[in-house]
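Data block below; observations after.
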Amino acid sequence: LAKTTQPISMDSYEGQEVNITCSHNNIATNDYITWYQQFPSQGPRFIIQGYKTKVTNEVASLFIPADRKSSTLSLPRVSLSDTAVYYCLVGQGSGNTGKLIFGQGTTLQVKP
Amino acid sequence: GAVVSQHPSWVICKSGTSVKIECRSLDFQATTMFWYRQFPKQSLMLMATSNEGSKATYEQGVEKDKFLINHASLTLSTLTVTSAHPEDSSFYICSAPRKLLAGGPYNEQFFGPGTRLTVL
Chain A
39 LAKTTQPISM DSYEGQEVNI TCSHNNIATN DYITWYQQFP SQGPRFIIQG
89 YKTKVTNEVA SLFIPADRKS STLSLPRVSL SDTAVYYCLV GQGSGNTGKL
139 IFGQGTTLQV KP
Chain B
24 GAVVSQHPSW VICKSGTSVK IECRSLDFQA TTMFWYRQFP KQSLMLMATS
74 NEGSKATYEQ GVEKDKFLIN HASLTLSTLT VTSAHPEDSS FYICSAPRKL
124 LAGGPYNEQF FGPGTRLTVL
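Protein chains in written order, with the working numbering: chain A, 39 to 150; chain B, 24 to 143.
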């Protein structure tokens, strides 16, 4: 399973756009990139998933360059409630077992 | 969206006792479920893969006799922490994958809300 590297922590202010970049140099051809959000004492929550280029949903955008060795989660206009840990994971592609190995994650602190 | 529940949400027990944690997929069938453990301010650590109708697969360093996993039905997996000790105190989380679309990504993982275990 591909290993991921993310910044340990980030600070932002309400209303700003936040971009969190994840490196996954050993991503396999059939791996997808998935981002999860976790609040304290809760299970992780799915944010967004992509394979290449750009994916956008109602809460975030995911940018994936052509070589797929990194990805960037973009959170538009964050609020205090976006303070959480964000995990980048790779895998889950067709034929995979669904097994996920979590890295350290990025703790995002949004300030007023 | 798909929901995964866990019961209990928290439990306090005495050292030496066994504790059972249930993980249920509420609106989909899951032949595979995963169990994680998370210590304060740390990431989730995968403990084992629970397979319906067969033995669980444990990650390296996880004692299978300590953490008993049973996946008796397509919607229920249980984790039993046997002879619990204070060092077993942790946040235990289960997840279940569900195939999103035919031909699409294999699955999306749905996580339970977690169970806080405190061993005195």
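For every residue, glycine included, the Cβ atom is placed at its ideal position computed from N, Cα and C. Since this is a predicted model, take the numbers as computed values, not measurements.
Measure the CB-CB distance between residue i and residue j and report whether it falls below 9 Å.
{"i": "lysine 37 of chain B", "j": "leucine 143 of chain B", "result": "yes"}
{"i": "serine 41 of chain B", "j": "threonine 80 of chain B", "result": "no"}
{"i": "valine 128 of chain A", "j": "tyrosine 74 of chain A", "result": "no"}
{"i": "alanine 53 of chain B", "j": "alanine 119 of chain B", "result": "yes"}
{"i": "leucine 102 of chain B", "j": "serine 73 of chain B", "result": "yes"}
{"i": "threonine 42 of chain A", "j": "glutamine 132 of chain B", "result": "no"}
{"i": "tyrosine 124 of chain A", "j": "glutamine 87 of chain A", "result": "no"}
{"i": "asparagine 52 of chain A", "j": "serine 112 of chain A", "result": "Note that residue 52 of chain A corresponds to glutamate in the displayed sequence, not to asparagine. No, Cβ-Cβ distance for glutamate 52 of chain A and serine 112 of chain A is not below 9 Å."}
{"i": "serine 32 of chain B", "j": "proline 136 of chain B", "result": "yes"}
Could you give the DSSP three-state label for residue i: helix, strand or coil?
{"i": "leucine 118 of chain A", "result": "helix"}
{"i": "proline 120 of chain B", "result": "strand"}
{"i": "glutamate 86 of chain B", "result": "coil"}
{"i": "isoleucine 35 of chain B", "result": "strand"}
{"i": "glutamine 61 of chain B", "result": "strand"}
{"i": "leucine 140 of chain B", "result": "strand"}
{"i": "threonine 43 of chain A", "result": "strand"}
{"i": "glutamine 52 of chain B", "result": "coil"}
{"i": "phenylalanine 77 of chain A", "result": "coil"}
{"i": "asparagine 64 of chain A", "result": "coil"}
{"i": "histidine 112 of chain B", "result": "In the sequence on display, residue 112 of chain B carries serine and not histidine. Note: serine 112 of chain B maps to coil in three-state DSSP."}
{"i": "aspartate 69 of chain A", "result": "coil"}
At which residues does the beta strand (DSSP E) containing residue i begin and terminate?
{"i": "histidine 108 of chain B", "result": "Histidine 108 of chain B -> no beta strand (DSSP E), and no H or E assigned at all."}
{"i": "lysine 149 of chain A", "result": "144-149"}
{"i": "glutamate 45 of chain B", "result": "42-48"}
{"i": "histidine 30 of chain B", "result": "27-30"}
{"i": "serine 61 of chain A", "result": "56-61"}
{"i": "threonine 72 of chain B", "result": "68-74"}
{"i": "phenylalanine 134 of chain B", "result": "131-134"}
So which residues on chain E does residue i lean against when the C-beta distance must stay under 7 Å?
{"i": "lysine 41 of chain A", "result": "In the displayed structure, chain E is absent; the protein chains listed are A and B."}
What distance in whole Å lies between the Cβ atoms of residue j and residue i, which are believed to be in contact at a cut-off of 8 Å?
{"i": "glutamine 142 of chain A", "j": "serine 66 of chain B", "result": "5 Å"}
Which runs of the beta strand (DSSP E) spanning at least 3 residues fall entirely within the segment 81-128 of chain A, listed in chain order? 83-88, 91-94, 99-102, 108-113
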